[in-house]
Amino acid sequence: MKKKYVVIGLVATIAIALIAQTQINAMKNWESKNIEENGSGNSLWKMIKNRWSKEMMKQEMNNFCNEEMHRNRWSKEMMKQEMNNFCNEEMHRNRWSKEMMNNYLNMTKEEGIIEYIDGKYYINGIEIYFGEDFFLNTTSRSDYDMDGTYEKVIDEINGLVGSKVIINGLLEDNIIYASHINGIWLRMPCHNEFVELQGLLEKINGSYYINGFQLMIKQGFSKSDIDRDGSIERMYDELNGLVGEEIKIDGLLKENRIVVMHINGIWAR
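Offset between the sequence shown (1-based) and the numbering used here: plus 7.
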């Protein structure tokens, strides 16, 4: 009985070996055929590896494209947001400017005949302050009296004496500080005293002083060689060349500061 089982086991083992050999031969024949057809000598492993590489490359390309699409979409969204912010800021700025102009126009409005009495201008019994002498003697930027010429501000105003006009401005103590004439911009409605000073120019903590008054100078390059060193420099360099010297300045007084117009008779704005 035992011999019978041994014979059966041996036969089964031989059968399995034959089947395995048949599979091996089939794979060898397939590989040999592939080599003959492709002429590349690629093995089955190389083909599988190449196919895997192509799949990986395809996946990488898909990932790259998806990232680019996401990045472009993000960039467009950011650009759109920046444009919206810019437009909102511009709208806010324009709205603020319009409100400021409306506030100037709505401060005080007097409509009547301009009169000139004892060196002063009046409208409806209210004194009009158009500006300091320095401002009144500058060339006007608008033709207020509509005579076709741009004259000194004082001459433009004199051309309106006896005429019906609209004055807008700030009313204080029965004096209206004019900002507009007939809706045309004139100046900020405030009173600035024009002063002339002579003294030693000092520099303290980066600021310039004369007789205790701080000098407010323009930014950027000077139009003239104020310190007379032979070169035109930035305004603070021009003043640095005058520190410690006695100079003469004129300008508009604002509390303890002076908006400098001239230095030693040279235009400084």
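Note that the Cβ used here is the ideal one computed from N, Cα and C, for glycine as well. Given the structure is predicted, the values throughout are model-derived calculations rather than measurements.
Assign Ile130 to one of two classes, buried (16 or more other C-beta atoms within 10 Å of its C-beta) or exposed (fewer than that). buried
Identify which residue in Gly206, Glu200, Ile135 has its Cα closest to the Cα of Ile173. Ile135
So if DSSP puts Asp180 in a beta bridge, which residue, or which two residues, is it bridged to? In DSSP, Asp180 forms no bridge with anything.
Between which residues of its own chain and Gly46 is the CB-CB distance below 8 angstroms, once the five residues before and five after are set aside? Caution is warranted here: a pLDDT of 49 is assigned to Gly46, below 50, making its placement in the model unreliable, and the coordinate value is therefore given only provisionally. Taking Gly46 as the centre and dropping the five residues before and after it, the same chain places no C-beta closer than 8 angstroms to its C-beta.
May I have a chain-ordered list of the alpha helix (DSSP H) segments no shorter than 4 residues that lie completely inside the region 115-202? 140-143, 160-165
Whole-angstrom Cβ separation of Gly248 and Asp236, contact assumed at under 8 angstroms? 5 angstroms
So, for Gly227: in the same chain, excluding its five sequence neighbours on each side, which residues have a beta-carbon less than 8 angstroms away from its beta-carbon? Arg241, Met242
In whole angstroms, give me the CA-to-CA distance for Asn144 and Glu163. In a straight line, the C-alpha of Asn144 is about 10 angstroms away from that of Glu163.
Taking the continuous alpha helix (DSSP H) assigned at Asp244, which residues delimit it? 242-247
Taking 6 angstroms as the limit between beta carbons, can you name the residues of its chain near Arg148, skipping five residues before and five after? none
First and last residue of the beta strand (DSSP E) that includes Asp232? Here Asp232 belongs to no beta strand (DSSP E), and DSSP marks it neither H nor E.
Could you work out which residue in Leu178, Phe137, Asp232, Gly119 is closest to Trp274 when comparing CA atoms only? Asp232
Helix, strand or coil at Gln221 [DSSP, three-state]: strand
For Tyr66, name the three-state secondary structure that DSSP assigns. Residue 66 is actually Gln in this sequence, not Tyr. Correct three-state label for Gln66: helix.
What's the C-alpha gap between Asn271 and Ile254? 6 angstroms
Contact belief for Val168 with Tyr123 at Cβ below 8 angstroms, rounded distance in angstroms: Val168 to Tyr123, Cβ: 5 angstroms. Contact.
Distance, Gly132 Cα to Asn181 Cα: 9 angstroms
Could you tell me the alpha carbon to alpha carbon distance between Phe201 and Ile217, rounded to whole angstroms? 15 angstroms
With 16 as the cutoff for other CB atoms within 10 Å, does Ile256 come out buried or exposed? buried
Opposite Ser214 in the DSSP bridges: which residues? Ile211
Measuring alpha carbon to alpha carbon, tell me which residue in Ile183, Gln221, Asn165 is nearest Lys210. Gln221
Between the C-alpha atoms of Glu245 and Gly213, what's the straight-line distance to the nearest angstrom? 14 angstroms
Tell me which same chain residues have a C-beta within less than 7 angstroms of the C-beta of Glu158, skipping the five on either side of it? Ser147
Environment of Asp152 [buried if 16+ CB atoms lie within 10 Å]: buried
With C-beta atoms as the reference, is Thr115 less than 7 angstroms away from Gly190? no
Where does Ile183 land, buried or exposed, given buried means 16+ other C-beta within 10 angstroms? Answer is buried; the Cβ neighbour count reaches 16.
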